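Chains as they are written, first to last, in full-length UniProt numbering: chain A, 1 to 296; chain B, 1 to 295. Backbone N, C-alpha and C define an ideal beta-carbon position, used for all residues, glycine too. Computed from a predicted model, the values in this text were never measured in an experiment. Heads up: the structure comes next, in structure tokens.
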């Protein structure tokens, strides 16, 4: 869509855009280019001349079994988080969209967890789902070692996924509710007259019409799970990547490698792989899923 | 409501209550725990009833984690990020939508690409830039003129360092662009007929018209700024600049002392409160902004 009526001044738009362009150049493009460069060179941590080493950094990264562990952990984290937030958000959106008395209050409340920072939620959930006290204590007293995220990596991974899902379900809920409310009322009314009950209507009419929103949320939530700032925050504040690397997601490993290990080249190579992975996912989702999505 | 369906209605309420337990339940557990005594919070099974110790626990948490200065720092950081984003996005979107210049599409794509690469994956070199802000300029000058300049300026331990890299992405620009595109052409024509130039048009027409947008973006950016975790962790070593997210670890019960989770939970509630209040108060605009921004 192009605007017809526009101003013809040439330097004013440059002046208006300049502050943001400068910030972006300095804090986005320069670092983004540096990541590409560092991934192929050996960068001494305390200055000095960088040496071009080709793919050596990548070879080193791929040879590390803990790296592949972090890829697997990230995949499980992002997939489980995405599925949970979208499914629960969908069910809640369909329920609230029936507009029964009181729906408005639930709509208001469901969005609130979005305001909470992952790390703050993480700390609270360390108590809520602690093995010795809080909600799981009774269960653990009856079945010793039933739940122990400090000891078992799998339990710790479930814990961080729960925190992620708690925080983001309200977000998917908003989009799905907005999508549902744009479904023409006449359509559901016609189906009701034909004798389709509420559940039938949800499955046959509402969910298919939501396909574009669902697809959009799939892309957004996968990206959020993989590289989102909450992913790092939750893991860092809740489990610290442990126990035994059980919750070490890719972003966590990158930051650890760079700022603890001072291995900038290795961290940059991992960043490049992560960016590549995100692009591949987005591509696959567009290629194979978007075909089944029918836009209005 | 289309037809009378008592069973489906009951099921709907059941689902909504389940959603309530799932999404609001954790807040209630935190609230209950934060108002209990040390004995109560460590008892099994957990007491769901709130007690009357919240103020004592909150003040213990406040002094233990030095929350006074941390809250102020987080507030400053969130406000700077919000104001910076809102102002810069409006200006850039104005330049992209209302002018015909050859650079228009270049600006647009340059800004658009920043949505693809979050701070977390370019965090290492972004840190390097913030630690040595003039490096790009020094390299540029020496490449152009051969002169080696030795000016250095680092942003570590400063509000500029905390906020500028977070402002440097395009989330808000798109919200404004979408909104500006919906405005009718007649608006610009009328402004031109009245003899007002582009700057007058921006200040007197666009800014008042985009109030809804601004409130939406304000909510989103305040939450984003307040909840930053990794970046302050890297940028700040001076305790005077500590944000609330950095105080979280000070709130955790240490290994050898009493497990006073009541204090920890009271502290986490204090830290959660500001963005929660902002979202609750501005929710109507926030929802509108989210749905418009991403689609």
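With contact defined as three or more Cβ pairs closer than 8 Å, the region 192-208 of chain A and the region 144-155 of chain A are not in contact.
DSSP places residue 268 of chain B in the uninterrupted alpha helix (DSSP H) bounded by 261-281. At a cut-off of 7 Å between C-beta atoms, residue 241 of chain B does not count as an interface residue with respect to chain A. The beta carbon of residue 234 of chain B lies closer than 6 Å to those of 127 in the same chain, with the five residues before and after it left out. Looking at the backbone, the Cα of residue 162 of chain B and that of residue 220 of chain B are separated by about 18 Å. Rounded to the nearest whole angstrom, the C-alpha separation of residue 112 of chain A and residue 91 of chain B is 31 Å. Using a C-beta cut-off of 8 Å, the region 267-283 of chain B makes contact with the region 113-122 of chain A, since at least three inter-stretch Cβ pairs fall below that distance. In this structure, DSSP gives residue 42 of chain A an extended state, which the three-state scheme calls strand. Residue 210 of chain A is positioned such that its CB atom lies no closer than 7 Å to that of residue 170 of chain A. For residue 115 of chain A, no alpha helix (DSSP H) segment is defined, and its DSSP state is neither H nor E. Counting C-beta atoms within 10 angstroms of its own C-beta, residue 105 of chain A has fewer than 16 neighbours from the protein chains shown and is therefore classed as exposed. Remark: C-beta atoms of residue 81 of chain B and residue 166 of chain B approach each other more closely than 7 Å.
Counting C-beta pairs closer than 8 Å gives three or more between the region 4-17 of chain A and the region 196-216 of chain B, which meets the contact rule. The three-state secondary structure of residue 189 of chain A, taken from DSSP, is helix. Under the three-state reduction of DSSP, residue 51 of chain A is assigned to strand. Just measuring C-alpha positions, the residue of B:6, B:160 and B:188 sitting nearest residue 99 of chain B is B:188. Approximately 5 Å separates the beta-carbon atoms of residue 165 of chain A and residue 85 of chain A; this is inside 8 Å, confirming the contact. Sequence-ordered contacts of the region 62-74 of chain A with chain B are nonexistent [C-beta pairs closer than 8 Å]. The DSSP-derived three-state label of residue 259 of chain A is helix. Rounded to whole angstroms, the Cβ separation of residue 268 of chain A and residue 38 of chain A is 4 Å, and the two are in contact under 8 Å. When rounded, the separation of the alpha-carbon atoms in residue 216 of chain B and residue 209 of chain B is 13 Å. By the 16-neighbour rule on beta-carbons within 10 angstroms, residue 155 of chain A is buried. Boundaries of the alpha helix (DSSP H) harbouring residue 198 of chain A: 198-201, taken from the DSSP string. When Cβ pairs closer than 8 Å are counted between the two stretches, the region 131-138 of chain B is seen to touch the region 147-163 of chain B, the count reaching three or more. Residue contact with chain A for residue 268 of chain B: present (Cβ-Cβ distance below 7 Å to some residue of chain A). Here residue 101 of chain A is exposed, its C-beta having fewer than 16 other C-beta atoms within 10 Å. Residue 232 of chain A and residue 251 of chain A do touch by the CB rule: their CB atoms are close to 5 Å apart, below 8 Å. Of the candidates B:204, B:78 and B:289, B:204 places its Cα closest to the Cα of residue 190 of chain B. Taking every protein chain shown into account, the CB of residue 244 of chain A has fewer than 16 other CB atoms within 10 angstroms, so this residue is exposed. For residue 105 of chain B, the uninterrupted alpha helix (DSSP H) segment begins and ends at 104-113.
Around the C-beta of residue 182 of chain B, fewer than 16 other C-beta atoms lie within 10 Å, and the residue is accordingly described as exposed. Secondary structure remark: continuous alpha helix (DSSP H) runs of at least 4 residues inside the region 15-96 of chain B, in chain order: 25-34, 38-41 and 54-64.
Boundaries of the alpha helix (DSSP H) around residue 225 of chain A: 211-227. Closest by C-alpha distance to residue 150 of chain B, out of B:57, B:138 and B:179, is B:138. Using a Cβ-Cβ cut-off of 7 Å, residue 124 of chain A counts as an interface residue toward chain B, since at least one Cβ of chain B sits closer than that to its own. In the three-state reduction of the DSSP assignment, residue 58 of chain A falls in the helix class.
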